[in-house]
Amino acid sequence: MNVQKQNIPPIHDVDIRLLRIFKSVVECGGLSAAEYTLGVGRSAISKHLSDLEARLKVRLCERGRSGFSITPYGETVYRATIELLDALDQFRTQISAAKGKLTGSIDLCLMDNLHLEPANPVAKALRAFAQRSGCVTLNVSTAGPEEAEEAVSSRRANVAVTCSNSGLPGLTYKAVSVHRSALYASAEHNLAQAGMKGHAIAELGELDVVTRAYLRTEQSLIGRSSRSTAIANDLEAAVQLILSGQFVGVLPEHIAEPWVSLGRMVRILLNVPAVETTTYVVFRTKSKNLPVVQAITQDIITAYATTSRKGEGGG
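Laid out in structure tokens, this is it:
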């Protein structure tokens, strides 16, 4: 990359604002996609990007009829922006902690369908955090398990709650709960009507099985020879496919239980143990000493532990 050495002007508040806009555009994948996030129109976003490029005297991204793409220099600026904003947040939180209070903001990414857990421990954690840190802006988003984990790794989120543990470098994973999953079918499914005996996995080879796109642990219940004819991107989709009566599939016990109680689903007994899935709170190891990160992670851990002790958890 042949870039002439040029002096970067002093960074002012307006530059930080422009850098935040650029960061949002990159993370949204383009100007049009960033309109909703930023709350301004495409033309205004384009002008802000042009102003930033003029300030830095470089081309940050290509935008136009051919689509959006970030330049190599733009990639460098994007990563430097993340580090700058992290440093500003760290400065604010450390100064606030010295004064005995939390301020600033924190981005929390939650795995889809966490609200379906018994007693909803995440909601309890959010309430506890809000009550003791009313000066902190809490930005909450949802994503698939792997996307939530990646959001922390890529610095789009400070903390995540997810069942995905890829062991990504620079991340700390703390287990907060374990839930069991089993194989279920609609009460109208032929397998359910055949009786509740212990089935061998080999018997599933001719069945239509729904699998979840993000969960590999269920393979031990459905068998490698099973015929996966439907893919669900979240639990709600899996439930609907199973209730159709055409598919069998693996669900967490606490998700299936209401349908079992209504007589709409039955658990298919297999000659293999149930699958256990762990939920983690995930954060960047380097940020573990930030007071706001410590506060939200501790509230999440405490909420899950309290729920588990009361016998309400999904473990």
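All residue numbers for the sequence shown refer to my numbering, where the first residue is 1126 and numbers rise by one.
Even for Gly, the Cβ is constructed at its ideal location relative to N, Cα and C.
The beta strand (DSSP E) enclosing residue i, as first and last residue numbers
i, result
"residue 1254", "That residue, residue 1254, is in no beta strand (DSSP E); its alpha helix (DSSP H) goes 1246–1257."
"residue 1231", "1229–1236"
Euclidean distance between Cα positions of residue i and residue j
i, j, result
"residue 1350", "residue 1262", "Unreliable placement is indicated for residue 1350, whose pLDDT of 46 sits below 50; the coordinate value is still reported in the next sentence. Using only the alpha carbons, I get a separation of about 49 Å."
"residue 1168", "residue 1412", "36 Å"
"residue 1367", "residue 1373", "6 Å"
"residue 1178", "residue 1196", "12 Å"
"residue 1477", "residue 1236", "Nothing about residue 1477 can be reported from this structure: the residues present for the chain run from 1126 to 1440 only."
"residue 1241", "residue 1133", "50 Å"
"residue 1152", "residue 1386", "43 Å"
"residue 1300", "residue 1144", "35 Å"
"residue 1406", "residue 1275", "13 Å"
"residue 1335", "residue 1370", "11 Å"
"residue 1159", "residue 1150", "5 Å"
"residue 1440", "residue 1403", "Only weak support exists for where residue 1440 lies, its pLDDT of 36 falling under 50; the value from the coordinates is given anyway. If I take the Cα positions, the gap works out to 9 Å."
"residue 1419", "residue 1156", "34 Å"
"residue 1422", "residue 1162", "26 Å"
"residue 1192", "residue 1170", "15 Å"
Distance between beta carbons of residue j and residue i, contact taken as under 8 Å
i, j, result
"residue 1288", "residue 1266", "With a Cβ gap of about 17 Å, residue 1288 and residue 1266 do not count as contacting."
"residue 1390", "residue 1312", "6 Å"
"residue 1277", "residue 1408", "6 Å"
Terminal residues of the alpha helix (DSSP H) in which residue i lies
i, result
"residue 1315", "1315–1318"
"residue 1386", "1378–1386"
"residue 1367", "1360–1368"
"residue 1285", "No alpha helix (DSSP H) contains residue 1285, which is instead part of the beta strand (DSSP E) from 1284–1287."
"residue 1271", "1270–1278"
Proximity test, residue i beta-carbon vs the ligand GDP heavy atom, cut-off 8 Å
i, result
"residue 1214", "The model depicted lacks the ligand GDP and carries no ligand whatsoever."
Exercise for the section: Assess, as a yes-or-no matter, whether the stretch 1245–1257 is touched by the stretch 1196–1211 under the definition of 3 or more beta carbon pairs within less than 8 Å. Expected result: no
Handout entry: Complete runs of the alpha helix (DSSP H) confined to the stretch 1143–1210 [at least 4 residues]
Key = 1156–1163 and 1167–1181
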